[in-house]
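Residue numbers for the sequence shown follow this note's numbering, so the first one is 1 and each next one is one higher.
Heads up, the beta-carbon is just placed ideally off N, CA and C, and yes, glycines get one too.
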Amino acid sequence: MDFLHQVAPVLTGTEAAALKEYLDSGGWLTEFRQTQLFETMLAEYVGVGHCTVVTSGTVALYCALLAAGVGPGDTVLVPNYTMIATPNAVAWTGATPALVDVEPDTLCLDLGAVAPDVKAAAMLYVPINGRCGDMDAVVRFCRERGMVLIEDACQALGSNWRGRRLGSFGQAGAYSFTPHKIITTGQGGAVATDDDAFAARLAKVKDFHRTAPATDEHDGLGFNFKFTDLQAVVGIEQLKDIAARVERKKAIYGWFREMLDPVAAVEMLPTNLEDTAPWFVDVLLPSARDRDALRGHLKARGIGSRPFYPPVNHQPMYAAAHGAGSLPVSEGLAVRGLWLPSSLDLTREQAGRVCLAIEEFFTGGGR
Ligand SMILES: Cc1ncc(COP(=O)(O)O)c(C=O)c1O
1 MDFLHQVAPV LTGTEAAALK EYLDSGGWLT EFRQTQLFET MLAEYVGVGH CTVVTSGTVA
61 LYCALLAAGV GPGDTVLVPN YTMIATPNAV AWTGATPALV DVEPDTLCLD LGAVAPDVKA
121 AAMLYVPING RCGDMDAVVR FCRERGMVLI EDACQALGSN WRGRRLGSFG QAGAYSFTPH
181 KIITTGQGGA VATDDDAFAA RLAKVKDFHR TAPATDEHDG LGFNFKFTDL QAVVGIEQLK
241 DIAARVERKK AIYGWFREML DPVAAVEMLP TNLEDTAPWF VDVLLPSARD RDALRGHLKA
301 RGIGSRPFYP PVNHQPMYAA AHGAGSLPVS EGLAVRGLWL PSSLDLTREQ AGRVCLAIEE
361 FFTGGGR
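This is the structure:
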């Protein structure tokens with residue numbers, strides 16, 4: 001039986017022909033017209049004025065923070081449950097990430113857990129796995145405290161809050177296109193914004209801070225975070241398919257929810273599939289021990305799975321500033337979480353095989 005990966009990229013099937021057409025056209029491979037088209041399509045999809053593509057989601061976060069003027073001496077609020085790129089992007093700017101605990105239902109930053117006396121320049125709000133809290137409250141919270149709101153929407157392209165795209169609520173939103181995302185360009189990321197001046201700053205930051213494209217005059221410190229037309233050609237084909245991909249993610253999550261319903265030991269977070277296109281099928285097990293034993297049980301049956309990210313404050317780089325036990329919700333949940341097979345081409349039969357193996361683990365003495 002084939003090994004069922006936790007996640008693998010899925011091509012639409014049209015990428016090869018599009019790439020051949022592009023290569024035959026004599027394009028210079030680096031970012032140009034195809035990249036511009038990809039950016040325009042993305043901006044239209046997200047419902048913002050500009051999307052600027054860069055080399056990764058991490059770089060998208062970094063560039064967004066720089067364009068927002070975040071730097072040494074600043075504090076940026078970051079949820080304690082997220083991928084390591086979120087606090088790292090803050091640290092690379094020279095600012096300090098201040099970790100905040102998360103809401104148990106959404107795993108997103110809990111506004112109620114922000115220390116009342118904290119003075120932060122910005123908040124990186126992470127709609128993790130396409131879920132979010134009350135985005136009106138998040139926007140209001142940041143506005144009232146004079147914080148720039150940047151969404152780390154790397155797991156949320158295609159998910160909404162009350163019909164509006166996640167990644168479009170703040171000053172900027174960052175997306176990622178790694179192979180396990182809803183659309184992929186191999187690596188890659190994008191920053192969405194409605195602010196013309198912000199977009200102009202981003203364009204400089206990603207291209208050596210040139211005063212104008214293709215000149216060698218520089219009015220600031222910039223880098224080379226440019227995209228390539230090769231990636232854009234692939235991204236365009238995938239983006240054309242995004243509506244079907246969103247529906248597929250929702251269907252996959254729905255199958256697991258239905259088939260795991262009888263397994264009392266497996267908890268699934270409240271998920272409104274009208275708005276949320278879960279990136280991964282995520283489940284909570286009764287304990288970290290169960291989680292790890294279940295992983296082994298699945299692996300022995302040819303089924304891949306992956307544990308949730310450890311809480312950020314358990315990572316050595318951030319442990320000193322935020323001691324173990326200081327952020328109990330995220331610390332309690334992260335160690336019980338497991339991602340199940342979630343590839344876009346997963347079939348209902350394969351989902352059934354996974355659910356059966358999980359049921360067997362809990363009823364057949366696999367623990
Ligand atoms: C929430 C979150 N932020 C940032 C990133 C980093 O994106 P990339 O791997 O494209 O740098 C990821 C990647 O999975 C992510 O899930």
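Just to confirm the assignment, what range does the alpha helix (DSSP H) spanning residue i have?
i, result
"T93", "85-93"
"T75", "Not the alpha helix (DSSP H): T75 falls in the beta strand (DSSP E), residues 75-79."
"G254", "242-260"
"G352", "348-363"
"T40", "33-46"
"A137", "135-144"
"G296", "288-300"
"P278", "It is not in any alpha helix (DSSP H) - P278 carries neither H nor E in the DSSP assignment."
"R319", "Looking at the sequence provided, one finds Ala at residue 319 rather than Arg. Where A319 is concerned, the enclosing alpha helix (DSSP H) stretches over 316-319."
What first and last residue would you give for the beta strand (DSSP E) that runs through residue i?
i, result
"Y309", "Neither: Y309 is in no beta strand (DSSP E) and is coded neither H nor E."
"H50", "50-54"
"G173", "172-176"
Out of the options, state which residue places its alpha-carbon closest to the alpha-carbon of residue i.
i, options, result
"P127", "L285, A153, K119, D105", "A153"
"P293", "L333, M259, L338", "The question names Pro, but residue 293 is Ala in the sequence shown. Measuring from the Cα of A293, the nearest candidate turns out to be L338."
"D389", "L29, G49, L11", "Outside the displayed span of the chain (1 to 367) sits residue 389, for which this structure offers no information."
"D229", "M259, T215, P213, G188", "G188"
"V335", "T211, F198, N80", "N80"
"F223", "V205, L239, Q238, A232", "V205"
"T86", "D105, L109, G73", "L109"
"G254", "D241, L269, A265, A264", "L269"
"G352", "L260, G13, F3", "L260"
"T14", "I150, V102, K240", "K240"
"K265", "F169, R145, M135, I358", "According to the sequence provided, residue 265 is Ala. The question's Lys does not apply to it. It is I358."
"A277", "E103, G325, E331, S343", "S343"
"L42", "L61, I236, V329", "I236"
"T363", "D290, D216, P310", "D290"
"I182", "G26, W161, L157", "L157"
"I150", "V70, L285, R210, N129", "V70"
"V114", "S168, L298, W161, P97", "P97"
"R201", "T215, T185, T184, D219", "D219"
"I371", "A18, N88, W279, F208", "Because the chain in this structure spans residues 1 to 367, residue 371 falls outside the shown range and cannot be described."
"C355", "P262, H322, P286", "P262"
"G105", "T271, M317, H297, S326", "Note on identity: in this sequence residue 105 is Asp, with Gly being the wrong assignment. The candidate whose alpha carbon is nearest that of D105 is T271."
"G173", "A288, Q155, A319", "Q155"
Three-state secondary structure (DSSP) at residue i?
i, result
"E151", "strand"
"Y22", "helix"
"L4", "strand"
"L273", "coil"
"H218", "strand"
"T58", "helix"
"D194", "coil"
"G189", "strand"
"D229", "helix"
"M268", "coil"
"L11", "coil"
"A212", "coil"
"L29", "coil"
"L109", "strand"
"I236", "helix"
"G325", "coil"
"G69", "coil"
"A200", "helix"
With a Cβ-Cβ cutoff of 7 Å, do residue i and residue j count as a contact?
i, j, result
"V312", "L99", "yes"
"V233", "Y45", "no"
"V76", "A122", "yes"
"Q6", "P213", "no"
"V59", "F227", "no"
"C142", "L166", "no"
"V148", "A64", "no"
"G57", "S176", "yes"
"A95", "D117", "no"
"A91", "Y62", "no"
"S305", "R295", "yes"
When DSSP builds the beta bridges, which residues end up paired with residue i?
i, result
"L338", "V283, P307"
"R164", "W161"
"V100", "P79"
"N129", "Beta-bridge pairing links N129 to no other residue."
"D207", "N224"
"L124", "I150"
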